[in-house]
Amino acid sequence: MWTIRKCQNTNHCAYDNCTEELQNACGGAFCTEHEIAYGTKCCIRTCHNERVARTLACAGHQGAWKKYKQDHSHAAYSGVRRLLQRIEENLPWQQRTTQPAARAHDNHEDDDDPPPRAHFFGSSKFYCVETVCAPCGVVIAWTKFNKSESPTHILNFLQSIFPTRESRLSYVCIDKACRVLRTAIANGTWRTVWRDTTRFIVDAYHYRNHRLTDFLCRKWCNPAPLNGSAPNLVRIAYDKNGRPYLQRAYNTQACEQLNAWLGGFESILKQMKIGNFDWFLHAMLFYHTQQVIAKQRNQEKVEQIQQDEEEEDEEEEKGPVRHWHTVDENDEDDD
1 MWTIRKCQNT NHCAYDNCTE ELQNACGGAF CTEHEIAYGT KCCIRTCHNE RVARTLACAG
61 HQGAWKKYKQ DHSHAAYSGV RRLLQRIEEN LPWQQRTTQP AARAHDNHED DDDPPPRAHF
121 FGSSKFYCVE TVCAPCGVVI AWTKFNKSES PTHILNFLQS IFPTRESRLS YVCIDKACRV
181 LRTAIANGTW RTVWRDTTRF IVDAYHYRNH RLTDFLCRKW CNPAPLNGSA PNLVRIAYDK
241 NGRPYLQRAY NTQACEQLNA WLGGFESILK QMKIGNFDWF LHAMLFYHTQ QVIAKQRNQE
301 KVEQIQQDEE EEDEEEEKGP VRHWHTVDEN DEDDD
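Going letter by letter, the sequence shown gives residues 1 to 335 in UniProt numbering.
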């Protein structure tokens, strides 16, 4: 069983379908190749005129450039930050104008690639970093998604990691597993690749937000079905009074917990060039994996010590074992 989740991202060249490293990471928009080709041109997509000095637009597009500068100024960011911090505040005499937030299951905005940019004033960002973790927290693989976290991208990523039937997983846990399953059925990979080896399930945290009326999600993507259809996902545990109860057999939040840990490095990661970003993230994931493995080994040692102590206590309760031979009286008379 493995869990998938997105985490931090970084900047790359703003030109269409180019993910090369920025020539200037501090305010640049193009890689070296596209900076040479378009470095003196207006950054509006459909314009090829020369720039006005100290701006990124020609004389006809100075209005768009000034608006971009105003929207991305420090004052604008501070105002947005204040709004985000107090977004839930509503005074009693105010009418509620905000609509309920869309549930994760209903939100399909990240399924498709975004439309082409109108300008290249600023650099583009990778949409997310996708990680694959074992339930214990060991990181198996990671990659960067450029434009979206669509089910098609997820399926292609999984096939690149687990190309053979023998390497494929019994369970893949992801917050949008039902949409991934639908996409696999629609494009035929469910029948040719996944059906005989793998089941897609939603993690426990996001499953509660999925629609109750979605039959496919409720039947095939349930992380803890109680009808016996997936006995490996549910086990019987006992409380302190010895009463049995059903418990999830695996941690489906491993990637969410990893993402929370990586969140502490966000301010560092988002300012890095791609090469530094890849190296730093890979090093931190390797370090995290080593720490998880070391923790597991220590836990195994503790459990082994406890087991040995219990066995010794049982032997002491049985009494001492005699290893000497007792001489029979008849044997003494014969002598």
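Each residue gets a CB set at the ideal place from its N, CA and C atoms; glycine is no exception.
- Straight across, the Cα-Cα distance linking Ile174 with Ala25 is about 33 Å.
- Shown here, Cys178 sits in a helix according to DSSP, grouped into three states.
- A straight line joining the alpha-carbon of Phe162 with that of Asn156 spans about 10 Å.
- Ala260 is classed as exposed because its beta carbon has fewer than 16 other beta carbons within 10 Å across all chains shown.
- In this structure, the straight-line span from the alpha carbon of Met284 to that of Val180 is close to 29 Å.
- Arg248 has Val234 as its beta-bridge partners, per DSSP.
- The secondary-structure analysis by DSSP pairs Asn11 across a beta bridge with Lys125.
- Within its own chain, the residues whose Cβ lies closer than 6 Å to the Cβ of Cys217, once the five positions on either side in sequence are excluded, are Cys178, His210, listed in chain order.
- The alpha carbon of His12 has as its nearest neighbour, out of Lys144, Pro135, Asp71, Lys66, the alpha carbon of Lys144.
- Boundaries of the beta strand (DSSP E) harbouring Thr143: 139–145, taken from the DSSP string.
- Taking the Cβ atoms as the reference, Tyr127 lies roughly 7 Å from Asn9, within the contact range of under 8 Å.
- A Cβ-Cβ distance of about 13 Å is found for the pair Lys270 and Leu22, leaving them out of contact under the 8 Å criterion.
- Put simply, of Asp313, Arg168, Tyr250 the residue whose alpha carbon is nearest the alpha carbon of Asp203 is Tyr250.
- Annotation: the continuous beta strand (DSSP E) that includes Phe200 extends over 199–201.
- The three-state secondary structure of Val52, taken from DSSP, is coil.
- Under the criterion of beta carbons closer than 8 Å, Thr252 and Val139 do not qualify as touching, at roughly 16 Å.
- The C-alpha of Lys41 is placed about 29 Å away from the C-alpha of Phe277.
- The DSSP-derived three-state label of Glu309 is helix.
- For the pair of segments examined, the segment 119–126 was found to touch the segment 57–70: the number of CB pairs separated by less than 8 Å reaches three.
- By the C-beta density criterion, Tyr15 is buried, having at least 16 other C-beta atoms within 10 angstroms.
- About 6 Å separates the beta carbon of Tyr245 from that of Ala237, a gap short enough to meet the 8 Å contact definition.
- Short of 8 Å from the beta carbon of Trp190, and not among the five residues preceding or following it, lie these beta carbons of its own chain, in chain order: Leu181, Ala184.
- Distance from the Cα of Cys18 is smallest, within the candidate group His74, Lys125, Asn49, Gly27, for Lys125.
- Excluding residues up to 5 positions away in sequence, Cys42, Cys43, Ile44, Arg51, Ala64, Trp65 lie with their Cβ nearer than 7 Å to the Cβ of Ala57 in the same chain.
- The residue from Ile154, Thr46, Asn298 with its alpha-carbon nearest to that of Arg117 is Thr46.
- In this chain, the beta strand (DSSP E) harbouring Cys173 covers 171–173.
- The C-alpha of Glu303 lies about 14 Å from the C-alpha of Ala294.
- CA-CA distance, Asn222 to His282, rounds to 32 Å.
- For Ile44, DSSP records a beta bridge to His119.
- Around the beta carbon of Leu226, fewer than 16 other beta carbons sit within 10 angstroms, so the residue counts as exposed.
- If you compare the alpha carbons of Gln70, Phe215, Phe200, Arg165 with that of Thr192, the shortest gap goes to Arg165.
- With a 10 Å radius around the Cβ and a threshold of 16 neighbouring Cβ atoms, Pro115 comes out exposed.
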